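In the working numbering, the protein residues as written are 1 to 99.
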């Protein structure tokens with residue numbers, strides 16, 4: 001079985017992978033931008049926690065915040081850091097809203 005490769009076939013395949021106009025980079029799909037991963041904010045937060053002098057607390061399974069309106073937010077497997085003499089606590093993680 002042989003496939004005859006012609007200029008038309010090559011041009012058709014080349015257009016299928018081109019995302020822009022003439023002279024643009026060829027790629028199969030556009031890159032996916034990830035929302036919520038802002039490294040600048042992470043660096044700021046790391047700088048602030050370093051200034052507070054917090055150290056990590058080990059093995060905290062769950063943190064629950066109870067609000068005055070009766071709802072609560074739970075963070076499973078949070079990253080907890082504390083400066084106990086200075087009464088400073090940093091809790092990082094994705095909260096789940098509870099009713």
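Just so it is clear, CB atoms sit at the ideal spot from N, CA and C, and this is done for glycine as well. What you are looking at is a predicted structure, and each value in this text was computed from that prediction instead of being measured.
Taking C-beta to C-beta, are residue 57 and residue 80 nearer than 8 angstroms? yes
Which residues mark the beginning and the end of the alpha helix (DSSP H) in which residue 49 is found? 39-52
CB contact flag (residue 73, residue 99, <8 angstroms): no
Quick check: the Cα distance between residue 15 and residue 6, rounded to an integer number of angstroms? 14 angstroms
Going by beta carbon distance, what residues of the same chain come within less than 8 angstroms of residue 78, once the five residues before and after it are set aside? 60, 62, 63, 91, 92 and 93
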